[in-house]
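Numbering (my numbering), first residue to last: 165 to 664.
Cβ coordinates follow ideal geometry from the N, Cα and C atoms, glycine included.
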Ligand SMILES: [Fe+2]
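Okay, here's the thing in structure tokens:
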């Protein structure tokens, strides 16, 4: 969404300031964190997304914003000003309050004599309100050089109430050599300036900007926002903990600057509390959890297989150690509270990866996902069962494949929840043979596709939850058509998915 010439004139004069020669809205605008009375509006001033300094000087810039009840922005209900400072990467996070629940709003920014495009956002319904429907679009894994963002362009056309992004928003490595359709500088992002530049590079994409401008986002990270396969203070590529935590602090700061998040989650050094809940009236509760920042060190790390470093023997005793957590004790206690005290008919868990156990024919598991932390997974499933949580549904990402399956405490046991891994926006997936193998050894998985890029759409009513996987015809070319790949339904009060 490129900025347009600023109109009307009256609005310009309200925030008069020095002109910027170039459009400062080149990485778009966004909203997020909907509450019944407000949302966060976000932008980051960037006049050159490819430049290390974003094309901005160190000088602070005044940013005007307004939010209205109509898409022409004639019925403005709130407006204000904020200062974009270099210390925050010239980002602004506006926490708007005093809005009406469960309705659309439109917003835009202005700065330096330029106006941004217009974004649509939406407030959540009132707490406890009866709500008929909720549409969520969710995705993950958008490696820049691996493909184009046709999935985002399609998502923006679906009129979702909410967009959920489950991690790998950026990839920190220099562009890989294989399967590259576009390029970014051949450097690893590892300090604040290079992470900032990576976000700007990705966010210059018009399809990604359209997805941000179509609805409020809830967003959680995975590993690549910092470093591949990191866990807690442990980084595979750098065993020096203090050095890694410095890098993690830079990565978290850049993440905060580039996302429509509330000030309450602003990082303090290498720490950023991002797990949180969103309630959509009495219809749905969405808990998003952070399985990276607090996880215990990898189980049986020394027993990794050289060919695939994540695979460890399935019999590894550490993965069954109840003291080891993938979420950390405080987050686990918080999550148990969320699934106990919920009044919602549908209880969604937004998390990073595939939750079903995958044991290879030679009896190995990956220690980077839930299989490395078996007891954390077990405690969540037992929590749902014991609290009689209404209709738990898991949404996931990370594995660059679509998967739909049921989750139970024992193999072949009664389903407690269903899970839907929503593919990848552009990151490359797995071969048909690998998918067939995974499904053969895991009968709880009812559907798998590693060849198609895309995202998931969730339509919730009081009666059922329908998940549609939307597949991109060819993510290696721009503007590729997107169509339904598979559709599933979970009915109220009846655990287990059905293909429709
Ligand atoms: Fe990924």
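Taking 7 angstroms as the cut-off, one finds no heavy atom of ligand 1 near enough to the beta carbon of residue 316. Between residue 539 and residue 484 a beta carbon distance of about 6 angstroms is seen, short of the 8 angstroms cut, so the two are scored as contacting.
Here residue 508 has 443, 446, 447, 448, 449 and 554 as same chain residues with Cβ atoms under 7 angstroms from its own Cβ, once five neighbours each way along the sequence are excluded.
For residue 348, the Cβ stays outside the 7 angstroms cut-off from all heavy atoms of ligand 1. Looking at the DSSP output, residue 302 shares a beta bridge with 328 and 620.
In the three-state reduction of the DSSP assignment, residue 449 falls in the strand class, which pools E and B.
Straight-line spacing of the CA atoms in residue 215 and residue 186 works out to 13 angstroms. Residue 493 and residue 466 have their C-alpha atoms some 25 angstroms from each other. Judged by the Cβ position, residue 332 qualifies as a neighbour of ligand 1 at the 7 angstroms threshold, a heavy atom of the ligand being closer than this.
In the structure shown, residue 269 falls within a strand segment according to DSSP collapsed to helix, strand and coil. Looking only at 578, 530, 562 and 589, the smallest Cα-Cα distance to residue 548 is reached by 578. Take the alpha-carbon of residue 339 and the one of residue 346: they are about 9 angstroms apart.
For residue 647, the enclosing beta strand (DSSP E) begins and ends at 646 to 655. The bridge partners DSSP lists for residue 284 are 270.
Following the DSSP letters along the chain, one finds residue 550 inside the alpha helix (DSSP H) bounded by residues 538 to 551. Close CB contacts of residue 563 within its chain, under the 7 angstroms cut and outside five residues either way in sequence, are with 517, 518 and 585 (chain order). In this chain, the beta strand (DSSP E) harbouring residue 443 covers 440 to 444.
One Cα belongs to residue 641, the other to residue 315, and the distance between them is close to 12 angstroms. When the alpha-carbon of residue 282 is set against those of 587, 265, 599 and 229, the nearest one is in 229. Put simply, the backbone Cα of residue 267 is about 30 angstroms away from that of residue 650. Residue 325 and residue 389 have their C-alpha atoms roughly 25 angstroms apart. The beta carbons of residue 601 and residue 616 sit about 18 angstroms from each other, so the pair does not count as a contact at 8 angstroms. Per DSSP, the unbroken alpha helix (DSSP H) holding residue 371 starts and ends at 370 to 378. By the Cβ neighbour-count rule, residue 287 is buried, with 16 or more other Cβ atoms within 10 Å of its own.
DSSP, read as helix, strand or coil, puts residue 613 in strand. The DSSP-derived three-state label of residue 482 is helix.
Residue environment analysis places residue 289 among the buried positions, since at least 16 neighbouring C-beta atoms fall within 10 angstroms of its C-beta.
By DSSP's assignment, residue 570 forms a beta bridge with 582.
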